[in-house]
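Have a look at the structure below before the remarks.
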Amino acid sequence: MLKQKLLALAISSLCISGAYAEVNQEEFTAGLVTASAEGNSPAQYALAQMQNNPADSADILGFALIAADSDMAIVKSVLAAALDSGMDPDEILAIALANGIDPSIVSEVIEETQTAAGAFALGAAPTPGALGLGGGSGGGGGTISGN
Numbered sequence: 134m135l136k137q138k139l140l141a142l143a144i145s146s147l148c149i150s151g152a153y154a155e156v157n158q159e160e161f162t163a164g165l166v167t168a169s170a171e172g173n174s175p176a177q178y179a180l181a182q183m184q185n186n187p188a189d190s191a192d193i194l195g196f197a198l199i200a201a202d203s204d205m206a207i208v209k210s211v212l213a214a215a216l217d218s219g220m221d222p223d224e225i226l227a228i229a230l231a232n233g234i235d236p237s238i239v240s241e242v243i244e245e246t247q248t249a250a251g252a253f254a255l256g257a258a259p260t261p262g263a264l265g266l267g268g269g270s271g272g273g274g275g276t277i278s279g280n
């Protein structure tokens, strides 16, 4: 079922990209050249474009993956930017597959990003409690344990 969903997403992203996209590949590439000259990475530029044009995020991700030209460091940063923009991981996987990216690379980026986000989402560790009374293997019943 997941494979069918991914295939459908890939086909729809390929079909939609040429006909209805507000952002086209030429504009994206020109913007990427300008952004690079200004010191921005491809991932930073792609993320900004996805945030400014959320309806075109799938196309923008495809354009960014093409521009990465198999440079795995750039590919990984672009995939992480797509996650940061709020794209669905299944959609990211489908677009990456359609652009020849190994699914293990996508899985690696998704796991790293979600692990990093999870660590921050949980907040700080709780502070240790005060001196406990009883319980455990200690004295019990209202007395301070000598253990």
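Okay, so the sequence shown: first residue is 134 according to our numbering, each after it adds one. Glycine is no exception: its CB is placed at the ideal position from the N, C-alpha and C atoms.
8 angstroms or more divides the Cβ of residue 208 from the Cβ of residue 228.
Apart from the 5 residues on each side of it in sequence, residue 176 sits with its Cβ closer than 8 angstroms to the Cβ of 197, 207, 210, 211, 213 and 214 in its chain, given in chain order.
The DSSP assignment places 222-231 as complete runs of the alpha helix (DSSP H) inside the stretch 208-240, in order along the chain (cut-off: 4 residues). In this structure, DSSP gives residue 190 a helical state, which the three-state scheme calls helix. For the pair residue 237 and residue 225, the Cα-to-Cα distance works out to about 13 angstroms. C-alpha of residue 240 to C-alpha of residue 170: approximately 31 angstroms in a straight line. Its Cα nearest to that of residue 201, the residue 179 stands out among 216, 160, 217 and 179. In the three-state reduction of the DSSP assignment, residue 203 falls in the coil class, being assigned neither a helical nor a strand state. Proximity to residue 243 across 216, 231 and 230 peaks at 216, based on C-alpha coordinates. In the DSSP assignment, residue 160 falls within the unbroken alpha helix (DSSP H) covering 158-170.
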